[in-house]
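**Student:** Please find one structure pasted underneath; my questions will follow.
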Amino acid sequence: MRTSDPAGYSAADTTTAIRIGPPPWAWAWTGVAGGLIGVVGLMVTGDLYDAETGAVADNTVLAAAVAGRAALVWINQAITVITAVCVVVFAAGLRRHLVAQEPAGSLVPGVAAAGLGLTAVALLVGGGIGTELFWALTGPQPFDPDTIGAHVAIYNTTAWLWGGVGLTAGAVAFGGLRHGSVGRGLAVFSVLMALVVAVTQLLPVQYISVLPGGLWMMVAGLVLARAARRSG
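Under my numbering, the first residue of the sequence shown is numbered 434, with each subsequent residue one higher.
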């Protein structure tokens, strides 16, 4: 005999409802998507002008060089927002995974999520300057070339600051090697990526962190998705 709840759903119905929800590894695939979209998208939309022309040395020349790039700037803004959403979802899923695997009270889940949160903020701020640059290139009033030059400098830097992923990779590496909260292979890979990202943050090339940061997100997301699928 099946018992029913006050709303009229049986226990079997409730079980079925739970099973048709999102798969338990969806958050991890979101990390893969975020890393891929972020790296490829920023690389493609970051090419506003030919650096070999020396336009960056003269804001008037630079403003003329980027005058027809408004559509690319708009695409960049959309990419930063989409990537930021993927990063936040991945951060939430990663934190939940680590909380379940780490000892009670461990700081690893919070630090790992915080690192990705920093990256999401950088992406949103970077997209914000894209909005300013778009209207500077398409608005009814011509913008001063020096203003456009400043916008371009921020456009080519802020959304690329993925140093927070290095903090996440370091936390995952510590948790994996100390407590086994992730597989040893992912833990060792995380150590390497955390070190590479750290180097980019200590040298005046912080924006290069998007490459090891994006790679870590893709590999970690893939590994964790496969692990969650096997255990689910």
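C-beta: ideal position from N, C-alpha, C; glycine also.
Using 8 angstroms as the Cβ pair cut-off and three pairs as the minimum, do the stretch 493–512 and the stretch 556–569 touch?
**Tutor:** Output reads yes: the stretch 556–569 touches the stretch 493–512.
**Student:** Expressed to the nearest angstrom, what Euclidean distance is found between the alpha-carbon atoms of P573 and W593?
**Tutor:** In the sequence shown, the residue the question calls residue 573 occupies position 140. In the sequence shown, the residue the question calls residue 593 occupies position 160. Near 30 angstroms, if we compare the C-alpha coordinates of W593 and P573.
**Student:** Apart from the five residues just before and just after G603, which ones in its own chain have a Cβ nearer than 6 angstroms to its Cβ?
**Tutor:** Taking the first residue of the sequence shown as position 1, residue 603 is located at position 170. Excluding sequence neighbours, G603 sits near A627.
**Student:** If you run the structure through DSSP and keep just helix, strand and coil, what is R502?
**Tutor:** In the sequence shown, residue 502 corresponds to position 69, counting from 1. Three-state DSSP puts R502 in coil, outside helix and strand.
**Student:** What distance in whole Å lies between the Cβ atoms of A553 and A517, which are believed to be in contact at a cut-off of 8 angstroms?
**Tutor:** Start at 1 with the first residue of the sequence shown, and residue 517 comes out as number 84. Start at 1 with the first residue of the sequence shown, and residue 553 comes out as number 120. Right, the Cβ-Cβ distance comes to about 4 angstroms (below 8 angstroms), so this counts as a contact.
**Student:** Which whole-angstrom value is the C-beta distance of V630 and G596, which I expect to be below 8 angstroms?
**Tutor:** Stepping through the sequence shown from its first residue, residue 630 is reached at position 197. Stepping through the sequence shown from its first residue, residue 596 is reached at position 163. V630 to G596, Cβ: 6 angstroms. Contact.
**Student:** Please classify A589: does DSSP put it in a helix, a strand, or coil?
**Tutor:** For the purposes of this step, residue 589 is taken as the residue at position 156 of the sequence shown. Note that residue 589 corresponds to Asn in the displayed sequence, not to Ala. Of the three classes helix, strand and coil, the one that applies to N589 here is coil, per DSSP.
**Student:** From what residue to what residue does the alpha helix (DSSP H) around S623 run?
**Tutor:** Looking up residue 623 in the sequence shown gives position 190. Run containing S623: 617–635, per the alpha helix (DSSP H) assignment.
**Student:** Relative to the alpha-carbon of L625, which residue among T601, Q639, G613 has its alpha-carbon at the smallest distance?
**Tutor:** Counted from its first residue, the sequence shown places residue 625 at position 192. Ranking the options by Cα distance to L625, first place goes to T601.
**Student:** Looking at the secondary structure, which residues open and close the alpha helix (DSSP H) in which T564 lies?
**Tutor:** The residue given as residue 564 occupies position 131 in the sequence shown. Per DSSP, T564 belongs to the alpha helix (DSSP H) from 541–571.
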